[in-house]
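Going line by line, the protein sequences match chains A and B. Heads up, the first sequence is in this note's numbering, so the first residue is 5 and it goes up one at a time. Heads up, the second sequence is in this note's numbering, so the first residue is 5 and it goes up one at a time. Every residue, glycine too, gets a C-beta built ideally from N, C-alpha and C. Take a look at the structure set out below.
Number of protein chains: 2
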Amino acid sequence: MDSIYRFRLTISECEVDFLSSDLYNTYMKTISVSSRLSLVPSSPIRKLVPYAIAAKKEGVHVYHLNIGDPDIKTPQVMIDVLKKWDRNPIGYDQSQGNPDFLEALRWYYHKLGFTFLESKHIQVTTGGSEAISMAMFSVANAGDEVLTFEPLYTNYNSYAVVNGVVLKAITTSSDTGFHLPDRFVIEAAISSKTKAILICNPNNPTGTVYTKDEIRMLVDIAKTHGLFLLSDEVYREYTYDGRAHVSLLSYMQEIPDHAIVLDSMSKRYSLCGVRLGTLVTMNASILKGVLAIAQGRLSAGLIDQAIAATLVDVPDTYIEEVRDEYTKRRDVLYEGLKSIPGVTIPKPEGAFYSIVGLPVSDAEHFCQWLLTDFRDNNETLMIAPAAGFYATAGKGKNEVRIAYVLNTTSIARCVELLAKALSVYSKQV
Amino acid sequence: MDSIYRFRLTISECEVDFLSSDLYNTYMKTISVSSRLSLVPSSPIRKLVPYAIAAKKEGVHVYHLNIGDPDIKTPQVMIDVLKKWDRNPIGYDQSQGNPDFLEALRWYYHKLGFTFLESKHIQVTTGGSEAISMAMFSVANAGDEVLTFEPLYTNYNSYAVVNGVVLKAITTSSDTGFHLPDRFVIEAAISSKTKAILICNPNNPTGTVYTKDEIRMLVDIAKTHGLFLLSDEVYREYTYDGRAHVSLLSYMQEIPDHAIVLDSMSKRYSLCGVRLGTLVTMNASILKGVLAIAQGRLSAGLIDQAIAATLVDVPDTYIEEVRDEYTKRRDVLYEGLKSIPGVTIPKPEGAFYSIVGLPVSDAEHFCQWLLTDFRDNNETLMIAPAAGFYATAGKGKNEVRIAYVLNTTSIARCVELLAKALSVYSKQV
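This is the structure in structure tokens:
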């Protein structure tokens, strides 16, 4: 073996190519993927999917509260676009976005009161995901920092890695409903490398809706420190108990170069499988740059944009009814979980998620155990361990994220299942 | 003014935040986008679009040979998916890809003879674009080099910048039909930073179809130097004069860790507006990594995948008819252009593009002039200046890319227009 080992070294050093093809094949140079590829985190939501599939194969009914893929119906007017389809071929659309869809988006933002926005301020993206990625690329060079708050939308982690950006997360606490810390705490986290602050409002995964004072504070910090302010407002319409949503769009004219709003059609119209979002800004350099990136990928989907362009025909009652439905679900979840000993849950203010503290030391193990071991009347539930929603290693070990995307009857049953499961689990572990 | 200037400096240095709000607004810190954003090239194809729009507003008919957006009909079986649509809501699909679509893709690759491929070797991407981007991220770290050949598919430039990768292009020549240079030329361009070789075969924008010897040579180079080999085979079916397409898939079992095939539905089924492609590899690390990236953007479009999954029902005659049609178009273009004095065009072997040398010193100016000044019977044509298809500055100045995506009558008329235009232009400039 020793001689073979030495032979290998020889080849590796001088890259000979006169070997016979057999030796050649045996000793061809090894190859490895980029080191950055292994840094892209796997989805903490989807990690447990194989266990759920196995449970279902056993005939177990699994309640899915693990992912924000709502059961709410897509507006019929959008489905009708498909039934009436008469375009052929299915060609590229424009790189900035389909003109009808852009006009519909302008109409939508005007309806919200932001009448200063024109379609030129909008870049259509392939899902909110692409808007996040484009924004990170645009505001920060590789190695620069983007400041955010954890628990955070887990895909911020993915896009930070993909764009070579360091995501620096300030930890927020269940005790304060995951609201923002004091200004000095945020300012202390700003370094010379910090280029932007990124928030999700209403927040996935915490359900927090930031107050006017909080948004004002971030605007002031962005001005003072010359930072971009990125506001992901995918759940804009879903705020509860009469709470107003304070959009960064309200401050966009005050800080036109700093403000970038990230948006998506997915949750607003139950269109998760239609991959469309927007990046909205008045910063001309950003708009020019993201259009160049958009040209690189040619266009967002033609059919998806034709569907979404009918948002102008979706009755206002649609959003109102969905909001009412989520409010009911939130109430059933919140009241139910509050009554389970050892469970902590701040009252969710918006979106359809909650970070819930459990009386367990390893929530990931508990979530897996729910799928592999726990059955009640041949049913169990799937929830997401919260550790993946933190950028800081070791955080969120006893927390889970619950998405209340099922009807109230199912939510009530899930609460019951969770209470029973925790009781059994505490005796076993 | 001097005192104000000094005051500014003071603010910038100590980041005071006790100023009155008026001064505050006046002196807030400046902000700039990431330097990398300005490096993303704007599309050379779409740059002239405003001039085309202006010409059309004047009532001029513009023949579009500038972009690979074919007029070929999408298979009816795919359009029928929309007419029969009954799913609601439109939820996320799976991150690797819709199971039916993955099965259809496996079926497709098996039909081509690559029966070793399983669906686990396939990552569904949002357009071929995402496959290119994922591949670059996966094989190279920021600052690493990917070797390719120019003229090149212009969006390789975009994705290189987005992924912080240095695209090193070896120039190929019209004289050799843009075929690959000798092995020693390619090997001389490999540095310690080189991680991969990227080809487009059949080639956009040159129409070159690489021979078996050329692909074999690249496989050997990849083995010898421990490089990834990325083959973009979007135009696989479109080779002419009985020429065989030599897919990298033929060598995938020989170099399972090195080979990555990039693919798209756009041109095969005239589905450009359906944003779907694939990344195919047997390298488990790559597959794991790209799935993690894919989870970050959740899924490709649900409706688009439902459409594309019916590829199993597209009759073989569809591709054959399309190939015949492109062959006719190619013939009309090639014979026509050959007869224009000073025009050089190697006979296109595949895809539906050609890099054409013109007797002009500044093809970009000429292409713009066609749109702004040249009219014949109130018609003109739009073609793409080729400089944007080179990574090397200064190359391709007297070349254009022509996409033969119109019917033969229109192509013949375009040849006539080009001949007339060159004659007029030569007297004016």
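Proximity of residue i and residue j at Cβ, strictly below 8 Å
i                           : j                           : result
leucine 421 (chain B)       : glutamate 368 (chain B)     : no
arginine 220 (chain B)      : glycine 354 (chain B)       : no
phenylalanine 356 (chain A) : valine 409 (chain A)        : yes
alanine 304 (chain B)       : threonine 130 (chain B)     : yes
isoleucine 225 (chain B)    : glutamate 191 (chain B)     : yes
alanine 139 (chain A)       : leucine 266 (chain A)       : yes
leucine 375 (chain A)       : tyrosine 55 (chain A)       : yes
valine 238 (chain B)        : glycine 300 (chain A)       : no
threonine 412 (chain B)     : glutamate 154 (chain B)     : no
proline 209 (chain A)       : phenylalanine 393 (chain A) : yes
glycine 95 (chain A)        : cysteine 276 (chain B)      : yes
arginine 327 (chain A)      : glutamate 241 (chain A)     : yes
leucine 171 (chain A)       : tyrosine 160 (chain A)      : yes
leucine 337 (chain B)       : valine 419 (chain B)        : yes
tyrosine 3 (chain A)        : arginine 417 (chain A)      : With chain A running from 5 to 433 in the structure shown, residue 3 (chain A) is simply not present.
glycine 147 (chain A)       : isoleucine 35 (chain B)     : no
aspartate 75 (chain A)      : proline 93 (chain B)        : yes
threonine 152 (chain B)     : isoleucine 203 (chain B)    : yes
Distance, residue j Cα to residue i Cα
i                       : j                        : result
tyrosine 214 (chain A)  : proline 185 (chain A)    : 11 Å
glutamate 218 (chain A) : tyrosine 112 (chain B)   : 54 Å
aspartate 320 (chain B) : alanine 193 (chain B)    : 41 Å
lysine 33 (chain A)     : lysine 227 (chain B)     : 6 Å
alanine 425 (chain B)   : asparagine 207 (chain B) : 28 Å
Reference residue i; option with closest CA among the options
i                        : options                                : result
valine 53 (chain B)      : A:Gln100, A:Asp73, A:Asp380            : A:Gln100
alanine 407 (chain B)    : B:Leu234, B:Asp236, B:Leu385, B:Val170 : B:Leu385
valine 143 (chain A)     : A:Glu122, A:Val169, A:Pro155, A:Tyr160 : A:Val169
alanine 388 (chain A)    : A:Ala173, A:Ile35, A:Val165, A:Pro48   : A:Pro48
aspartate 97 (chain A)   : B:Val326, B:Leu315, B:Arg279           : B:Arg279
serine 39 (chain A)      : B:Leu337, B:Ser289, B:Arg40            : B:Ser289
isoleucine 307 (chain A) : A:Leu86, A:Lys61, A:Lys431, A:His183   : A:Leu86
lysine 292 (chain A)     : A:Asp317, A:Val316, A:Asp261           : A:Asp261
threonine 331 (chain A)  : A:Arg379, A:Ser270, A:Thr243, A:Thr282 : A:Thr243
valine 316 (chain A)     : A:Ala108, A:Lys61, A:Ile359            : A:Ala108
Residue i at chain A interface by Cβ criterion, 8 Å
i                           : result
asparagine 205 (chain B)    : no
phenylalanine 141 (chain B) : yes
arginine 301 (chain B)      : yes
asparagine 411 (chain B)    : no
aspartate 320 (chain B)     : no
phenylalanine 120 (chain B) : no
proline 363 (chain B)       : no
glycine 340 (chain B)       : no
aspartate 236 (chain B)     : no
serine 162 (chain B)        : yes
lysine 124 (chain B)        : no
valine 428 (chain B)        : no
tryptophan 373 (chain B)    : no
tyrosine 96 (chain B)       : yes
Integer Cβ distance of residue i from residue j, believed to fall under 8 Å
i                       : j                        : result
serine 162 (chain A)    : valine 44 (chain A)      : 6 Å
histidine 125 (chain A) : threonine 285 (chain A)  : 6 Å
lysine 399 (chain B)    : threonine 175 (chain B)  : 6 Å
methionine 82 (chain A) : isoleucine 311 (chain A) : 5 Å
valine 404 (chain A)    : valine 360 (chain A)     : 5 Å
Closer than 8 Å to chain B by CB, residue i
i                        : result
leucine 306 (chain A)    : yes
alanine 193 (chain A)    : no
arginine 50 (chain A)    : yes
threonine 129 (chain A)  : no
glycine 277 (chain A)    : yes
glycine 168 (chain A)    : yes
leucine 86 (chain A)     : yes
proline 45 (chain A)     : yes
isoleucine 415 (chain A) : no
histidine 229 (chain A)  : yes
histidine 262 (chain A)  : yes
alanine 391 (chain A)    : no
isoleucine 297 (chain A) : yes
aspartate 75 (chain A)   : yes
threonine 78 (chain A)   : yes
beta-carbon residue i near the ligand MG non-hydrogen atom, thresh 7 Å
i                    : result
valine 170 (chain B) : Because no ligand of any kind appears in the structure shown, any question about the ligand MG cannot be addressed here.
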